[in-house]
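Colleague: Mind the numbering: the sequence shown is residues 1 to 140 in full-length UniProt numbering, read in order. The beta carbon of each residue, even a glycine, is placed where N, CA and C say it ideally should be. Here it is, the structure in full.
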Amino acid sequence: MIVISRHVAIPDGELEITAIRAQGAGGQHVNKTSTAIHLRFDIRASSLPEYYKERLLAASHHLISSDGVIVIKAQEYRSQELNREAALARLVAVIKDLTTEQKARRPTRPTRASKERRLASKAQKSSAKAMRGKVRSGRE
């Protein structure tokens, strides 16, 4: 049972976890052991509340396929157990991230000090660029 929040949890039976061969460096170890984890979670067939399903299916996230399946591949660690934990943690993070309401931004105006800093920076850059011109003698 994977706990998302106090009221929402995903039963282990809804997750499809398979061990596969990892990619990349590692030599003989990586070639003969299946330490990477491939996690699939079908949003439509899950027991998540409708609000969660709607938010997840409406989101355009690179981990969510067009079929409504979250696909996560974890291969950061050399052990299968750590990769499994990493994949589950990533699943929980994606679900929490996509289902929390984003706080509305209150527009603010720049402070007087920030305007002064910006103008001082512009003046400094302007004078530095003005110094790049041709050198003229004082006799002309």
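In terms of residue numbering, what span does the alpha helix (DSSP H) encompassing I95 cover?
Modeller: From DSSP, the alpha helix (DSSP H) with I95 extends over 80–99.
Colleague: Note down the Cα distance separating S5 from A19, rounded to an integer number of angstroms.
Modeller: Each residue's Cα considered, the two are about 27 Å apart.
Colleague: Given a threshold of 16 other Cβ atoms within 10 Å of its Cβ, counted over all protein chains shown, does Y51 qualify as buried or as exposed?
Modeller: The residue in question, Y51, is exposed, as its Cβ has fewer than 16 Cβ neighbours within 10 Å.
Colleague: What's the gap between the Cα of V92 and the Cα of M131?
Modeller: Roughly 56 Å separates the two Cα atoms.
Colleague: Please confirm whether any heavy atom of the ligand FMN lies closer than 7 Å to the CB of S121.
Modeller: Ligands in the displayed structure: none, and consequently the ligand FMN is not present.
Colleague: Just tell me which of I37, G68, A128, R109 has its CA closest to the CA of A89.
Modeller: It is I37.
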